[in-house]
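Top to bottom, those sequences are chains A and B. If you read the first sequence in the numbering used here, its first letter stands for residue 1, the second for the next number, and so on. If you read the second sequence in the numbering used here, its first letter stands for residue 258, the second for the next number, and so on. Backbone N, C-alpha and C define an ideal beta-carbon position, used for all residues, glycine too. Predicted, not measured: the structure shown is a model, and the values here were computed from it. Structure first, commentary second.
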Amino acid sequence: MPAGGSAAAGAAGSRPGSPRRRTVIRAIPAAAILGASGCTAPPARPATFQFFNSHEAAVVEAATARIAPGPADDPAEAGHPGAREAGVTGYIDKMLATLGALTGPAPIIFAGGPWSNRHTSGPDLMADFIPLDPVTIIAWRKRLEGWRKQYMEGIATLDSLAGGDFTAAAPQDQDKILARQEASGFTSLLFEHTIEGLYANPEYGGNRGLAGWTDIGFPGDIQPRGYTPDQVERSDGRDPVAATGIVADVLKLLGVV
Amino acid sequence: MGKAVVIGSGAGGSVAAMELALAGWDVVVFEKGPNRFSNLGGEGPIGTMFSNDDLKMGVRNFAGPDPLVFPRTWRPNATVPVQYTGSVNDLPQLVGGGTVHWDAKVPRFWDIDFQQLSAIGPVPDADLADWPFGYSDIAPYYDEVEKLIGVQGDLRAMPDIVLRHAPRGGQFPMPPGPQQRSSVAVAAGAAAIGLHPYPFPMAINSEPYNGQRACNDCGFCSGYGCPVVARPAALIPLRLALRTGRVTLVPETMVTRVQLTGSGAAARATGVGWVRMTSRGPVTGAEGADLVVLAASAIETVRLALLSAFPDASGKLGRRLMMHSFLDGTAIFPDERMHAYRGRSTTQCAEDAADPDFPGARAFAKANGLPYIRGGIMELGGSQDPISEAQAYQTLLGLTRPAKPFGTDFKQLMRSSILRDRLAGCSLVGDDLPYLGHTVTLDPTVRDVFGLPVAQITWSYGKYEQVAQQFWIPQVKKMMAKAGAAVTLAVPDTFNSGGLPTGSHVMGGMMMGADPATSVTDSYGRVHGLDNVYVADGSVFVTSGAHNPTNTIMAVALRNMRHLAG
Numbered sequence: 001m002p003a004g005g006s007a008a009a010g011a012a013g014s015r016p017g018s019p020r021r022r023t024v025i026r027a028i029p030a031a032a033i034l035g036a037s038g039c040t041a042p043p044a045r046p047a048t049f050q051f052f053n054s055h056e057a058a059v060v061e062a063a064t065a066r067i068a069p070g071p072a073d074d075p076a077e078a079g080h081p082g083a084r085e086a087g088v089t090g091y092i093d094k095m096l097a098t099l100g101a102l103t104g105p106a107p108i109i110f111a112g113g114p115w116s117n118r119h120t121s122g123p124d125l126m127a128d129f130i131p132l133d134p135v136t137i138i139a140w141r142k143r144l145e146g147w148r149k150q151y152m153e154g155i156a157t158l159d160s161l162a163g164g165d166f167t168a169a170a171p172q173d174q175d176k177i178l179a180r181q182e183a184s185g186f187t188s189l190l191f192e193h194t195i196e197g198l199y200a201n202p203e204y205g206g207n208r209g210l211a212g213w214t215d216i217g218f219p220g221d222i223q224p225r226g227y228t229p230d231q232v233e234r235s236d237g238r239d240p241v242a243a244t245g246i247v248a249d250v251l252k253l254l255g256v257v
Numbered sequence: 258m259g260k261a262v263v264i265g266s267g268a269g270g271s272v273a274a275m276e277l278a279l280a281g282w283d284v285v286v287f288e289k290g291p292n293r294f295s296n297l298g299g300e301g302p303i304g305t306m307f308s309n310d311d312l313k314m315g316v317r318n319f320a321g322p323d324p325l326v327f328p329r330t331w332r333p334n335a336t337v338p339v340q341y342t343g344s345v346n347d348l349p350q351l352v353g354g355g356t357v358h359w360d361a362k363v364p365r366f367w368d369i370d371f372q373q374l375s376a377i378g379p380v381p382d383a384d385l386a387d388w389p390f391g392y393s394d395i396a397p398y399y400d401e402v403e404k405l406i407g408v409q410g411d412l413r414a415m416p417d418i419v420l421r422h423a424p425r426g427g428q429f430p431m432p433p434g435p436q437q438r439s440s441v442a443v444a445a446g447a448a449a450i451g452l453h454p455y456p457f458p459m460a461i462n463s464e465p466y467n468g469q470r471a472c473n474d475c476g477f478c479s480g481y482g483c484p485v486v487a488r489p490a491a492l493i494p495l496r497l498a499l500r501t502g503r504v505t506l507v508p509e510t511m512v513t514r515v516q517l518t519g520s521g522a523a524a525r526a527t528g529v530g531w532v533r534m535t536s537r538g539p540v541t542g543a544e545g546a547d548l549v550v551l552a553a554s555a556i557e558t559v560r561l562a563l564l565s566a567f568p569d570a571s572g573k574l575g576r577r578l579m580m581h582s583f584l585d586g587t588a589i590f591p592d593e594r595m596h597a598y599r600g601r602s603t604t605q606c607a608e609d610a611a612d613p614d615f616p617g618a619r620a621f622a623k624a625n626g627l628p629y630i631r632g633g634i635m636e637l638g639g640s641q642d643p644i645s646e647a648q649a650y651q652t653l654l655g656l657t658r659p660a661k662p663f664g665t666d667f668k669q670l671m672r673s674s675i676l677r678d679r680l681a682g683c684s685l686v687g688d689d690l691p692y693l694g695h696t697v698t699l700d701p702t703v704r705d706v707f708g709l710p711v712a713q714i715t716w717s718y719g720k721y722e723q724v725a726q727q728f729w730i731p732q733v734k735k736m737m738a739k740a741g742a743a744v745t746l747a748v749p750d751t752f753n754s755g756g757l758p759t760g761s762h763v764m765g766g767m768m769m770g771a772d773p774a775t776s777v778t779d780s781y782g783r784v785h786g787l788d789n790v791y792v793a794d795g796s797v798f799v800t801s802g803a804h805n806p807t808n809t810i811m812a813v814a815l816r817n818m819r820h821l822a823g
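Okay, here's the thing in structure tokens:
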């Protein structure tokens, strides 16, 4: 085996095939420390869903708000929109619903291009989704059917671990359920889709009001404007990170390797 | 002139189509994937559907292939069963091929890359050989490719070690663009440890060129299709081919077999069979041809050769698969946001690590029982985008917060951006030697969407690659510390992938050589034993070099196809 063929590396290798080699870093050895948090959250969601029924949507909303909490979900997130505010449930619903539209003119799989209207006048060309070729339709049918099944089973698992209704459990109990071994596969999938719903271009249905990008200071798509040579070359100046809590722990972990 | 079929429309296939069409051949170019461009054969700017969209490219793989319909399998060596089915170093599958997702870095191979066996010597277990030509033979074709597709760089900024091993006749067609803050910072660290960084030559327009736009440094570069087509690469020879009026480009159509007739010295191709998916299922067909050129990229070209039962007198067909030996370096700058998301994905490089005589390298090799070691070119200052950053935290939270691997900790990490905005990395593209045991074969059980056996990859780093990595890891870390990073980390790419190759550089399997007993294709890429079948992609490489391979693929294709076309 090549150097570094450790258990940690193997576990981290669950998402290979990324075309980006410079995606440096995915994981490292083990070190276990505990986190904490907990608070209640008010309901706030789009009126209608295309795929989820109202209970399923409520479970996904509650779970994704634990994964990426907003101001209403965790006091540490005051002023920081989370999954709820970014519309992550709507993003997931739209994605799963597009199974029925894969052969149509605009399945919600690949947003158009070459740019949106965020940095130029004119239409948002990213809002024109691209029709799929026949082979790609087959692949996405398979993928979305698999995800639909995982969502139905996963929601049932969360409800069952909560004694019937996940949404009725206290936030701290919801956290514990999401971290349970029985739910780990579904939690991992929800985490991946929460990430996408927070940080993907808003045309896909999440990142509402650019909430995800704004919170992390990422400008997002920048065409057709691009950056000036000065913006590329200059130092933006000293801006020390607050190296406390989880940030300190991750820096420490990475520094040890 | 007759009719030629070219299989694949990427770096090699585009050049083959151009050369053949300009010489008067009628050419049909089959491309397995779709066409995401408009106005290819016309005048003025080429249109595209690519955009600044991390989900579309990084997650949903808009450039294809989708592993649910076109998987591959992988095992580290032939003594163990397949360990993975899915994407294995896939290159984009669409019109333009690998020149669509690349960030267009075009360093040249060194003189010793073409003569590694005779110039530096053999390495135990490796099937080292010289190429059938040397640097001085291929240099004019490098020049021509640079002019053809448009390359930026600065001869005056190039260090002696590069010009000694890869001399240039003159200045680049275009000057370098803005230098990224992140690249310049890491380059300063490189200089501090005795390396010689310089502006990375790249096939990106720093000014309008070929009727295409200048790059505006949007930053969605490595891993993305360019939204303004400022790095058209293969699209330029494709355009020149289409403009002859003798070329037909057929996308979404997979060649499944090269049809052969005769045997022995009379063996030759008569055409190809193809399959295309429609809404009513697969449709098959055939195309007769006087000449067949395979340019589907190293792994898929070998797969097609195996599906077509090519003659294999040397026993080397599908052997000597090379991927490059990658090191991933991570430098975290807690006191400054390095904004590597602006600009052309690593604007500085250093080539010193390709030198077997780098101070200390020979002694380290000897201490580990090897005659020498080589690293390769370092790409300085890259980072990643929010979705892949978030995925990294998802993994790290599982290790640091197993009781609750999500929540505000996740969001705090995202706001800190230690693995994006404060990150400036280093990718080292190392020499991966040719081993007879590193192979592409037909998987005995896994099939693609058309029911055909997929490519099974058998590959892992050998001792040479691992020793070179162990020598260069501390150097890379030292470089990043000198650059001012507070946290530095360097690991082989396989550390994070469970052993799978990750670098999207694929070479070998149809090696060139003068002797049919020891090579698969002749000195010009013609398949030994098949009079009218040529190969024009990275599969003909004899060694992997220690540099990004695409411009070398194009230069070699240009040399070989010009020889053929006369």
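Output yes if chain A places a C-beta closer than 8 Å to the C-beta of residue i; else output no.
| i | result |
| --- | --- |
| B/K735 | no |
| B/F728 | no |
| B/P291 | yes |
| B/T541 | no |
| B/E403 | no |
| B/C202 | The structure shown has nothing for residue 202 of chain B, since chain B only spans 258 to 823. |
| B/S536 | yes |
| B/S463 | no |
| B/A444 | no |
| B/R425 | no |
| B/G476 | yes |
| B/H804 | no |
Could you spell out the range, first to last residue, of the alpha helix (DSSP H) harbouring residue i?
| i | result |
| --- | --- |
| B/S439 | 438–449 |
| A/G146 | 134–161 |
| B/D370 | 368–371 |
| B/F728 | 720–739 |
| A/T187 | 184–199 |
If I'm right that residue i touches residue j with Cβ under 8 Å, what's the distance once you round it to whole angstroms?
| i | j | result |
| --- | --- | --- |
| B/V363 | B/R560 | In fact, because the Cβ distance is near 27 Å, the residues do not count as touching under 8 Å. |
| B/A649 | B/V443 | Not a contact, Cβ separation roughly 19 Å. |
| B/R577 | B/D384 | 6 Å |
Determine, using beta carbons only, whether residue i comes closer than 8 Å to chain B.
| i | result |
| --- | --- |
| A/M126 | yes |
| A/P240 | yes |
| A/C39 | Reliability of the predicted coordinates at A/C39 is poor, the pLDDT of 34 falling under 50, and no value is obtained from them. |
| A/D173 | no |
| A/R66 | yes |
| A/R180 | no |
| A/D93 | no |
| A/L253 | yes |
If you follow the beta strand (DSSP E) that residue i is part of, which residue opens it and which one closes it?
| i | result |
| --- | --- |
| B/D666 | That residue, B/D666, is in no beta strand (DSSP E); its alpha helix (DSSP H) goes 665–673. |
| B/R533 | 525–535 |
| A/W115 | Taken as a continuous stretch (DSSP letters only), A/W115 belongs to no beta strand (DSSP E), as it is neither H nor E. |
| B/V515 | 511–518 |
| B/Q713 | 710–715 |
Does the distance from the C-beta atom of residue i to that of residue j stay below 8 Å?
| i | j | result |
| --- | --- | --- |
| A/Y199 | B/A647 | yes |
| B/L412 | B/R425 | yes |
| B/A822 | B/V550 | no |
| B/R672 | A/I216 | yes |
| B/T305 | B/P539 | no |
| B/P430 | B/E401 | no |
| B/I589 | B/V724 | no |
| B/T525 | B/D689 | The amino acid at residue 525 of chain B is misidentified as Thr; the sequence shows Arg. Contact: no. |
| A/I109 | B/C475 | no |
Which residues in the same chain have their Cβ closer than 7 Å to the Cβ of residue i, if we skip the five residues on either side of it in sequence?
| i | result |
| --- | --- |
| B/S761 | N346, L348 |
| B/V733 | L584, G586, C683, L685, A747 |
Excluding sequence positions up to five away, which residues of its chain have a Cβ less than 8 Å from the Cβ of residue i?
| i | result |
| --- | --- |
| B/M258 | A280, G281, W282, D283 |
| A/R141 | L99, L102 |
| B/P333 | Q340, T715, W716, S717, G756 |
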